[in-house]
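For the record, the sequence lines run as chains D, A, U and Y.
Going by this note's numbering, the letters in the first sequence line up with residues 1 to 406, in that order.
Going by this note's numbering, the letters in the second sequence line up with residues 1 to 406, in that order.
Going by this note's numbering, the letters in the third sequence line up with residues 1 to 406, in that order.
Going by this note's numbering, the letters in the fourth sequence line up with residues 1 to 406, in that order.
From the three backbone atoms N, C-alpha and C, an ideal C-beta is built for every residue, glycine too.
These numbers come from a predicted model, not from an experiment.
Take a look at the structure set out below.
There are 4 protein chains.
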Amino acid sequence: MSTFGSLFRVTTYGESHCASVGAIIDGCPPGLELTAADIQVQLSRRRPGQSNLTTPRDEKDLVHVQSGIEHDVTLGTPIGLLVKNEDQRPKDYSETDLYPRPSHADYTYLEKYGVKASSGGGRSSARETIGRVAAGAIAEKYLKQVYGIEIVAFVSSVGKIHLPSNVAPPSMTPDGDEDNDDVEDALSPEFRHLLATITREEVDKEITRCPHPETAERMTKRIIRAKEAQDSIGGTVTCVIRNVPSGLGEPVFDKFEAKLAHAMLSIPATKAFEIGSGFKGTEVPGSKHNDSFVLKNGKLGTTTNWSGGIQGGITNGEDIYFRLGFKSPATISQAQNTAQYDGTPGTLAARGRHDPCVVPRAVPIVETMAAIVVMDQLLIQNSRRTAASLLPPITTLPPTMVMPKH
Amino acid sequence: MSTFGSLFRVTTYGESHCASVGAIIDGCPPGLELTAADIQVQLSRRRPGQSNLTTPRDEKDLVHVQSGIEHDVTLGTPIGLLVKNEDQRPKDYSETDLYPRPSHADYTYLEKYGVKASSGGGRSSARETIGRVAAGAIAEKYLKQVYGIEIVAFVSSVGKIHLPSNVAPPSMTPDGDEDNDDVEDALSPEFRHLLATITREEVDKEITRCPHPETAERMTKRIIRAKEAQDSIGGTVTCVIRNVPSGLGEPVFDKFEAKLAHAMLSIPATKAFEIGSGFKGTEVPGSKHNDSFVLKNGKLGTTTNWSGGIQGGITNGEDIYFRLGFKSPATISQAQNTAQYDGTPGTLAARGRHDPCVVPRAVPIVETMAAIVVMDQLLIQNSRRTAASLLPPITTLPPTMVMPKH
Amino acid sequence: MSTFGSLFRVTTYGESHCASVGAIIDGCPPGLELTAADIQVQLSRRRPGQSNLTTPRDEKDLVHVQSGIEHDVTLGTPIGLLVKNEDQRPKDYSETDLYPRPSHADYTYLEKYGVKASSGGGRSSARETIGRVAAGAIAEKYLKQVYGIEIVAFVSSVGKIHLPSNVAPPSMTPDGDEDNDDVEDALSPEFRHLLATITREEVDKEITRCPHPETAERMTKRIIRAKEAQDSIGGTVTCVIRNVPSGLGEPVFDKFEAKLAHAMLSIPATKAFEIGSGFKGTEVPGSKHNDSFVLKNGKLGTTTNWSGGIQGGITNGEDIYFRLGFKSPATISQAQNTAQYDGTPGTLAARGRHDPCVVPRAVPIVETMAAIVVMDQLLIQNSRRTAASLLPPITTLPPTMVMPKH
Amino acid sequence: MSTFGSLFRVTTYGESHCASVGAIIDGCPPGLELTAADIQVQLSRRRPGQSNLTTPRDEKDLVHVQSGIEHDVTLGTPIGLLVKNEDQRPKDYSETDLYPRPSHADYTYLEKYGVKASSGGGRSSARETIGRVAAGAIAEKYLKQVYGIEIVAFVSSVGKIHLPSNVAPPSMTPDGDEDNDDVEDALSPEFRHLLATITREEVDKEITRCPHPETAERMTKRIIRAKEAQDSIGGTVTCVIRNVPSGLGEPVFDKFEAKLAHAMLSIPATKAFEIGSGFKGTEVPGSKHNDSFVLKNGKLGTTTNWSGGIQGGITNGEDIYFRLGFKSPATISQAQNTAQYDGTPGTLAARGRHDPCVVPRAVPIVETMAAIVVMDQLLIQNSRRTAASLLPPITTLPPTMVMPKH
């Protein structure tokens with residue numbers, strides 16, 4: 001349904017042509033300094049019309065905070081917020097309404113609800129993501145301030161244009177000989193450096209949000225080619241989360257990566273998710289793939305990071321990184337042979353202007369959904385840690401079975 | 001935590017060395033004929049010791065139903081069940097306890113709980129999956145009987161040994177020229193045929209559970225090579241779900257694929273998930289990737305199925321298929337340079353015998369978790385459909401906005 | 001937290017001095033004809049300033065629907081709605097801020113959150129109930145239209161002024177001799193008649209909303225006496241729910257009465273709840289208290305109704321009735337000896353004008369919360385019933401163990 | 001359904017005639033010393049056959065811990081536990097199966113599920129409570145050890161035999177003159193002393209578990225009278241929870257008393273709940289009913305405690321007390337005129353021996369359910385408090401709006 005999270009809980013509403021889209025964020029820690037501007041930053045990065053690669057509509061997307069904050073401080077009560085829709089009337093009926101758009105949600109929404117919004121796919125619109133982005137921006141503020149947690153996403157491929165293999169996540173690198181177990185250092189030093197240092201400022205330097213200028217330029221051309229062909233193209237987004245404390249994730253069903261995958265695949269147009277070594281890691285023998293332990297600043301860390309910061313569903317303190325695949329947008333102006341709702345064959349060409357590629361705008365959506373997952377898991381683990389810390393030391397277990405109180 | 005699902009709800013318990021592992025299944029429809037044998041089938045397919053490719057322990061894994069069934073009929077009340085552990089005592093302390101196993105959950109469980117089970121990774125053990133498999137077997141029985149839903153998983157790769165491209169899911173096929181938008185018919189006819197017809201019997205003919213004998217043989221050799229090298233190897237499992245009604249999935253956060261990904265990435269050792277065209281689909285332009293509609297048996301269907309049976313987070317009635325990546329098992333007998341809990345560098349070689357490759361045994365786990373997701377979404381959608389069907393017909397919306405009552 | 005319900009799910013936000021209060025209603029059946037006016041009815045009944053017995057502020061409390069409805073038909077997607085606050089600025093600091101109001105939430109909100117809203121008790125304000133009332137009004141519309149369910153609440157006592165015993169719910173009638181098991185016909189014929197026939201129109205004829213004119217007049221005087229004394233007075237509300245299908249309620253933890261009590265005691269100022277015979281029923285021997293079965297219109301019903309329409313946590317088709325106790329409002333203008341936050345003793349007299357008695361305005365709040373509970377339980381049970389109805393008939397159980405398919 | 005709680009989460013299973021009844025307790029803090037004996041204490045207090053006032057069956061009710069504990073220390077993973085049923089076969093069919101027992105759950109279970117267990121009311125059996133009592137006993141251990149929280153319940157009435165008014169909770173005291181606002185000191189000094197000092201040892205001295213010997217004796221006679229008449233009688237249980245920290249409870253829907261009422265009314269045979277002054281408090285003017293603040297040991301407390309330790313849905317640190325009404329048991333041996341499932345009128349006399357009064361055995365059930373509620377709310381609030389404590393001090397709010405960090 002439209003609620004996500006247990007202790008940090010986000011509920012959203014809104015279609016394309018209703019009065020507004022919005023969210024209620026329940027469980028935000030009280031005492032956090034927070035203004036609308038903190039939230040607006042990510043909404044503006046998500047907004048269409050930022051470049052000629054995205055939809056030209058210039059929606060303002062200004063957030064209006066309704067509750068939960070006084071004198072720029074969170075009260076701990078639910079934060080209601082909304083962003084007005086520019087066009088608040090149900091769309092007029094048109095001939096294209098006879099056709100469910102191929103690979104869009106027109107047909108399935110009708111199958112599910114028996115009624116559909118005038119905009120067709122109802123809540124499957126990208127506009128729905130506004131509520132989550134706003135919620136995640138709040139989580140980010142807390143995580144950054146208290147834990148120094150940094151979440152940075154960037155575009156790692158558009159169509160067949162991929163980051164060069166030395167800076168690409170594992171799955172994007174070529175496979176090599178099937179009888180040869182030798183693998184390069186799993187994550188190239190360049191890629192690990194990228195994960196460790198990349199900032200949103202660097203990402204935003206390129207309109208495609210790919211932080212490798214040469215590749216970014218090729219991506220731009222690819223998107224323009226799609227646009228000129230009245231076509232669309234997909235891509236992937238890679239995201240790193242730095243400085244997450246160890247111990248987050250709730251086995252067995254709410255493992256960290258399971259909740260993360262849930263969050264990511266709830267973003268419109270996503271089809272694939274991998275964490276750490278991902279699909280590529282399935283080809284690497286355990287003896288190479290295992291991340292050996294080593295002392296780092298007085299705490300155990302790992303020498304490599306195939307695991308992507310998660311072991312057994314629980315964070316281990318290393319960088320968390322994952323990759324998310326977005327399909328090519330379904331709405332294209334090119335004529336398509338398809339059928340009407342009643343089965344009559346025909347040709348459909350979508351009217352209006354559409355995003356030929358969503359991945360640049362998806363970057364803040366990925367970051368903010370990641371923030372919501374980290375925040376929720378952190379609050380749950382904090383509860384356990386606090387509860388356990390109040391108990392007397394355990395004396396009946398062997399020393400390696402118990403972590404010293406600290 | 002250890003509960004999954006909303007109306008069909010599974011809660012599990014159990015580590016490797018406790019008295020038993022088990023589950024409570026709440027929300028099973030009343031009036032379903034069900035015996036322990038129905039559940040045992042999938043437990044036995046999951047059991048180790050089925051071939052010399054898996055761990056040689058011969059656990060019996062017999063399920064004991066505790067409640068919720070009388071005279072072989074479900075009562076609608078919670079079904080309690082358990083499977084006894086053969087070795088019910090906490091493990092003795094040993095020198096290997098000084099070391100957290102690399103890429104295993106020993107370290108993260110200790111970081112999370114401050115205490116760890118004698119078996120090390122606690123609930124990260126494969127043994128934990130018994131409860132879910134039993135629960136899913138119950139869901140499968142209902143889904144098959146009432147809807148004819150068939151769920152079949154199979155091994156699609158072991159290490160670098162992949163199914164041949166003509167029968168492989170999209171992501172496993174080679175990419176081709178980056179300036180060339182031409183793609184073959186997305187899913188080869190052979191692969192679509194495989195999805196449409198594959199049965200568990202065919203899958204089980206091969207001990208690797210890869211339904212392509214020639215590839216299966218190469219996989220077997222690959223696993224034996226890993227075993228002989230005291231090493232391990234990963235792989236992928238592909239799964240198809242047939243005959244699922246349209247309309248399942250709960251936007252926006254509980255889209256069908258989001259819940260499915262959540263379920264799948266909660267299975268131990270998983271690192272990657274893709275549905276339909278997956279990562280490969282991100283490279284295909286919308287004009288090729290869109291699944292055009294066509295009348296099939298009086299109902300809309302699609303000519304291609306890049307979408308994998310889901311559009312806008314909702315099932316469309318076509319086959320649902322997805323692929324799941326399992327990393328190489330972390331526990332290997334080969335000596336590894338690593339560090340003790342206190343940071344002291346040293347060498348660890350796991351004792352005992354370990355599964356060199358988990359994907360053959362993962363097949364029933366994937367199927368049963370898929371069944372749980374379908375079942376839960378089905379119950380939710382049934383509720384909505386029933387509620388809506390009792391309302392009078394809508395006369396105020398344009399005809400294409402409303403599905404006729406039926 | 002601020003979400004209630006599983007399939008029909010309400011999430012609310014808002015304090016007294018923020019921009020608006022509102023709610024998101026998720027899971028409303030699609031295809032329901034619904035306008036703002038349907039919702040406004042109960043909001044207007046809840047509004048202050050309806051008579052000189054309640055607070056004189058004339059808030060408009062107009063609902064603004066944001067989403068989920070097009071052309072006056074629900075889409076099945078979340079319905080966002082809000083009601084603007086008249087005074088949207090945080091209150092100015094005043095001397096009374098040094099004092100936590102006795103028996104109000106000022107102190108506990110500060111203890112809980114470490115921060116408190118300028119209005120003091122934050123979400124404990126009666127204004128918070130707007131979101132729930134709006135949500136419940138939607139549920140009522142559906143329940144009435146599809147099932148003919150009628151929910152009517154009325155004031156059954158103000159202070160010591162009670163309904164006369166012949167029309168009062170059981171607990172309000174005198175106890176009698178402790179050695180005498182003889183009880184009158186549990187529910188007097190007059191009270192059963194009242195339950196069976198009372199309408200909102202009749203209730204609203206009296207400004208106290210007590211449908212017994214003579215008692216209503218005495219209540220009015222009692223409230224005026226409290227007002228003149230700068231004091232306040234409590235009371236009870238009795239509510240009946242008619243035409244609820246049998247089978248609702250989810251044992252064991254979500255029994256119908258358990259969810260109902262949860263909902264009712266989440267209403268501000270409530271201290272007591274009883275269903276059916278309530279506390280009084282504890283004094284009546286089983287032989288008198290048991291409701292015997294009898295055939296009614298071809299279906300089993302009961303001759304008496306001590307159970308209040310619920311047995312074993314599940315509705316039995318008879319009228320559901322319950323009584324809810326509201327304490328005297330904490331905010332009074334009369335000077336009170338108390339202490340400041342820092343413990344300094346002093347005297348506090350609340351400024352402004354306050355409701356001397358909340359029960360008349362509580363009537364629509366009780367009704368709408370009841371509607372939310374019925375709606376949610378109905379959707380869950382519909383799911384089960386639909387799922388079970390698709391199974392073949394059971395032939396292996398004795399006939400009395402199985403209900404015939406219908 | 002059969003799960004209760006969010007962070008401390010209990011799921012139960014089991015009918016009367018299945019193999020066992022049991023529970024999974026998820027979210028128990030790790031590192032708690034815990035043995036089966038800790039759990040057994042409350043199970044044994046709950047067990048039938050403790051005196052000739054209760055059912056004579058001598059069930060052993062020994063708990064078998066399945067998981068989550070090693071070397072007598074909790075691991076933080078789910079604790080599975082079960083208690084075997086003595087009679088594990090479905091009951092034979094008998095003539096009484098033609099009759100739904102009046103006011104029992106036979107009829108409603110059949111209406112709900114379409115199938116019923118051979119024992120009739122399925123999970124409505126008192127035996128179902130075993131799982132919760134075991135779960136609550138674990139919570140109690142933690143709460144006592146870490147916070148010194150004490151939970152003591154006792155019988156406050158049987159039929160019309162009530163505790164004398166000076167030691168009775170407010171609602172049980174007589175009403176007095178309706179025109180007279182004067183009330184005695186709300187809670188008598190004797191009752192407040194009882195709340196502050198009562199222990200389980202004192203309660204268990206009397207077989208009726210009423211800690212007032214003279215009243216207890218009269219209660220015993222009343223129960224024997226019911227038994228001899230092949231009848232049954234109800235009663236009330238009062239419970240106090242001491243030393244609960246301030247700040248627990250999650251407005252607006254999960255207020256402390258709302259969750260408590262939910263938990264309590266999920267116990268079989270309950271019909272009424274009141275907290276603090278309860279129904280009686282509705283008759284007391286605000287000026288008398290308000291609990292004034294006063295400094296106690298350096299922290300704010302209240303002079304009176306009409307509120308029962310809760311204000312605005314949040315605990316204030318004072319004693320929490322509440323009263324719960326249990327109806328007379330429905331199963332009686334006396335012949336009753338009623339109807340069969342098919343409507344045929346007839347006479348039913350239950351066979352076997354039945355509990356003439358459940359309140360003495362209900363005492364540990366009330367205590368343990370209360371413990372579960374406190375535990376869950378404590379874990380949630382701990383999470384918030386920890387999260388807020390890590391933020392920098394707030395400097396932008398007036399001092400009375402902020403609690404100093406500590």
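- Counted as a single uninterrupted DSSP element, the beta strand (DSSP E) harbouring proline 345 (chain Y) occupies residues 345-348.
- Scanning D:Gly298, D:Val65, D:Ser157, D:Glu217 for the CA closest to the CA of glycine 131 (chain D) turns up D:Val65.
- Residue pairing from DSSP leaves aspartate 355 (chain D) without any beta-bridge partner.
- Taking CB atoms only, valine 402 (chain D) has a neighbour in chain Y less than 9 Å away.
- If you draw a straight line from the Cα of methionine 264 (chain D) to the Cα of phenylalanine 4 (chain D), it is about 12 Å long.
- Nearest in C-alpha terms to glutamate 128 (chain Y), of all of Y:Phe191, Y:Thr35, Y:Ala19, Y:Gln230, is Y:Ala19.
- Taking 9 Å as the cut-off, the beta carbon of isoleucine 223 (chain A) is found no closer than this to the beta carbon of valine 366 (chain A).
- With respect to the 9 Å criterion, arginine 209 (chain A) and phenylalanine 154 (chain A) are classified as neighbours on the basis of their beta carbons.
- Comparing C-alpha distances from serine 292 (chain A) to each of A:Asp97, A:Glu111, A:Pro356, A:Glu318 shows the shortest one belongs to A:Glu318.
- Inter-residue distance for tyrosine 147 (chain D) and valine 374 (chain Y) is about 29 Å (C-alpha atoms, whole angstroms).
- At a Cβ-Cβ threshold of 9 Å, leucine 34 (chain A) and lysine 141 (chain A) count as neighbours.
- In this structure, glycine 313 (chain D) lies away from alanine 388 (chain D), with their beta-carbon atoms at least 9 Å apart.
- Leucine 98 (chain Y) and alanine 105 (chain Y) have their C-alpha atoms some 14 Å from each other.
- The region 207-266 of chain U contains, as complete beta strand (DSSP E) runs of 3+ residues, the segments 235-242 (chain order).
- DSSP, read as helix, strand or coil, puts tyrosine 99 (chain Y) in coil.
- In this structure, the alpha-carbon of serine 6 (chain A) lies about 29 Å from that of serine 16 (chain D).
- In the three-state DSSP reduction, histidine 104 (chain A) falls in the coil class, being neither helix nor strand.
- Annotated three-state conformation of valine 21 (chain D) is strand, per DSSP.
- Annotation for threonine 173 (chain U): Ser165 place their beta carbon closer than 6 Å to its own, counting only its chain and skipping 5 residues before and after.
- Residue environment for proline 213 (chain A): exposed (fewer than 16 other C-beta atoms within 10 angstroms of its C-beta).
- Straight-line spacing of the CA atoms in proline 211 (chain Y) and glutamate 202 (chain Y) works out to 6 Å.
- In the structure shown, the three-state DSSP call for threonine 199 (chain D) is coil.
- Chain-order list of chain U residues neighbouring proline 30 (chain D): Tyr113, Gly114, Val115, by C-beta distance under 7 Å.
- Excluding its 5 nearest sequence neighbours in each direction, alanine 350 (chain U) has C-beta neighbours in its own chain below 8 Å: Thr96, Arg101, Thr331, Ile332, Ser333, listed in chain order.
- Secondary structure of histidine 289 (chain D) (DSSP, three-state): helix.
- Of the other Cβ atoms in all chains shown, fewer than 16 fall within 10 Å of the Cβ of glutamate 86 (chain U); this residue is therefore exposed.
- Neighbourhood of threonine 386 (chain A) in chain U, by CB distance below 8 Å: Asn382, Ser383, Arg385, Thr386, in chain order.
- If you look at glycine 301 (chain U), you'll find it in the beta strand (DSSP E) that goes 299-302.
- For arginine 384 (chain U), DSSP assigns no beta-bridge partner whatsoever.
- Think of a sphere of 7 Å around the beta carbon of alanine 258 (chain A): the chain D residues whose beta carbon falls inside it are His262, Leu265, Ser266, in chain order.
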